[in-house]
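First comes the structure, then the notes that go with it.
Chains as they are written, first to last, in this note's numbering: chain G, 127 to 478; chain D, 127 to 478.
Given below as structure tokens:
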């Protein structure tokens, strides 16, 4: 199953079937959970880590037996190559931190990549659910269901006063982080992104680039997530982000309409050139691919390019990533080889 | 007939059927001729200019009657709009100088644009023949045939000592200028163009950009022509340029092979991106179009792009010119409108 997942460029979320997928690429719910009677991962010895992995194995069995959550399997990161782990990072199935030192760590994966559970990352368990479009509520319900199954097979560290206990206090309480990945070429193109996103930052959410903290907003993509996990109910946290997402969606749609009314020819030119280059280039850097991708996605969503499915566009995000490229090729490649392979994969995907 | 010519993007030379058309776009022979008993055009009054135009009318009739040279018609520049004259300049059928002050001037055009005769430019008559590829000898024979017909209906100013007399002494003697338009993306791309062309400049030829003196070598195109018209026989002049052209062709082919052996991926990337942009852009400046054209022509000639005919590529040179664009559209256009129209025409030509 692992190889299927690593090779697949079309996880469930790429279908783009969720609501407001013109702006919201995906919605994610993450629950931080820890086991009673075990020290947090950063304080654990090898034996304790192994024991937690044993409990995680029971979680996998529980999920498979309870049904309705799909088919799950646990993979120890130690059994994977660095390249395989990096593909999981690119797919957002594990965090960069989780992949770095694989000892004593694992990930439980659902077959369609909707659910992943990191074992012995910063917390013993981090349950993640990824849905297409704006489906925070649905992802939250789904994650809650998985959480219930997990809780039925092991004991969480929970305090009536502090809620779920977590390794880092900023996650304590609900242990809930909800986030949306939004594509804002309209706001970026009209120079409004900074203004809109900093205003939103005052509402208790964090705005980051594509690959989490410390990365820039490449391809006009931004990750918006709640900051506060304590002192609000789970429903409040999720509903707050749903409301904020709605505002972002409205602003982005207005900005796209503004672009079209003010500079239709320039927008069409940019969109079509990007599409032309992606379909013909023989050498394509990761950065350039993402910039061009952003223009093409906007063009497809604005019906300037017709007949280009949202799924194909979303899949480009997968197939242009460096580790995925190398995994598909079956070997490590130099940056130049990757740029050639990237161009070949994109061409193939867009002209088939 | 004039409208047919002005609208046509496919004059005979665009077929690219001549030898060495991978490097030589076209070959041109120009004969400067003047009438006895008339002052040179810059010294002529209106009545004399009219009289020369009358003689030119007889030339047209003579060409049509003698047969074998195609069908000819004379057009007075005064009867044309500035835009129509500019299209003739872009088609190299008249010189920029000829179009500027249209009074007392005319052009005799052959239907397939192989022959044009400017009347009352710097000299009374300038017979021009334009052939595809390296066909200087053929163009010279053809021009000589036209010259014979002209001479059979009127009297040339000719001196046994100085040969054909011309308004500017640099054209006296044979009155012959032979030139080739060459496309040298290989030499430009390997930074050898300067070296090769300056070496050639020492062999008594002039090297210029696309639209004659004072223009730069846009699109890696260069016009190479003889400098000397006196003291050499016509055959020597033509053969000298044929020899020089052969050297340029060899150097250019070697340079293209070198590019492919040293940087195949980069060449393919450049060629295909150019093709992609030309097929998709919505706004295209004249300069950018010419740069991209050059890459695409090289790619087609090197078989990197297949199924793209030389004629289609050559026609792009016509349809991207500003006056042609406006003539086809039937009105004057702003630079921005032209850039949009240019992109539309190129897209249509490359995707049909």
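By construction, the Cβ of each residue, glycine as well, lies at the ideal position given by its N, Cα and C atoms.
According to the DSSP assignment, residue 437 of chain D belongs to the alpha helix (DSSP H) that extends over 436-445. Boundaries of the beta strand (DSSP E) around residue 348 of chain G: 347-352. The CB of residue 395 of chain G comes closer than 7 Å to the CB of 407, 408 and 409 in chain D, given here in chain order. Taking 7 Å as the upper bound on Cβ-Cβ separation, chain G lies near no residue of the region 242-270 of chain D.
Counting along the chain, the unbroken beta strand (DSSP E) around residue 333 of chain G starts and ends at 331-334.
Per DSSP, residue 367 of chain D lies in no beta strand (DSSP E); the unbroken alpha helix (DSSP H) holding it starts and ends at 360-406. With fewer than 16 other Cβ atoms inside 10 Å of its own Cβ, residue 320 of chain G counts as exposed.
Of all residues in the region 182-202 of chain D, none is placed with a Cβ closer than 7 Å to any Cβ belonging to chain G.
Taking the Cβ atoms as the reference, residue 233 of chain D lies roughly 7 Å from residue 203 of chain D, within the contact range of under 8 Å.
Restricted to the region 248-290 of chain D, the beta strand (DSSP E) segments that are unbroken, complete and at least 3 residues in length are 251-258, listed in chain order. Residue 216 of chain G is classed as buried because its beta carbon has at least 16 other beta carbons within 10 Å across all chains shown. Taking a beta-carbon distance threshold of 9 Å, residue 402 of chain G counts as an interface residue toward chain D. At a cut-off of 9 Å between beta carbons, residue 455 of chain G makes no contact with chain D.
With the rule of 3 Cβ pairs closer than 8 Å, the region 390-407 of chain G does not count as touching the region 270-287 of chain G. According to the DSSP assignment, residue 462 of chain D belongs to the alpha helix (DSSP H) that extends over 461-477. Collapsing the DSSP output to three states places residue 200 of chain D in a strand.
Excluding its 5 nearest sequence neighbours in each direction, residue 238 of chain G has C-beta neighbours in its own chain below 8 Å: 137, 138 and 196, listed in chain order. If you draw a 10 Å sphere on the C-beta of residue 153 of chain D, you find 16 or more other C-beta atoms in it, and that means buried.
As computed with DSSP, residue 169 of chain D is found in no beta bridge at all. At a cut-off of 9 Å between beta carbons, residue 391 of chain G contacts chain D.
Of all residues in the region 129-144 of chain G, none places a beta-carbon less than 7 Å from a beta-carbon of chain D.
Residue 371 of chain G and residue 381 of chain G have their C-alpha atoms roughly 15 Å apart.
In chain order, 406, 407 and 408 make up the part of chain G whose C-beta sits under 7 Å from the C-beta of residue 398 of chain D.
Within chain D, 391 have C-beta atoms less than 7 Å from the C-beta of residue 466 of chain G, given in sequence order.
Unbroken alpha helix (DSSP H) runs of no fewer than 4 residues, entirely contained in the region 175-225 of chain G, are found at 208-216, following chain order. The Cβ atoms of residue 368 of chain D and residue 262 of chain D sit closer than 9 Å to each other. Counting only the Cα atoms, residue 181 of chain D lies some 11 Å from residue 174 of chain D. Residue-level contact check: residue 462 of chain G touches chain D, since one or more beta carbons of chain D fall below 9 Å from its beta carbon. Between the region 423-435 of chain D and the region 355-362 of chain G there are fewer than three C-beta pairs closer than 8 Å, too few to call the two in contact. Residue 420 of chain D carries a helical assignment under DSSP once its states are collapsed to helix, strand and coil. In the displayed model, residue 457 of chain D falls within coil according to three-state DSSP, outside both helix and strand. A residue is called buried once 16 or more other Cβ atoms fall within 10 Å of its Cβ, and residue 265 of chain G is buried on that count. Residue 469 of chain D has a beta carbon lying within less than 9 Å of a beta carbon in chain G. DSSP links residue 154 of chain G through a beta bridge to G:256 and G:305. Between residue 140 of chain D and residue 440 of chain D, the CB-CB gap stays under 9 Å. Counting along the chain, residue 232 of chain G sits inside the beta strand (DSSP E) bounded by residues 232-236.
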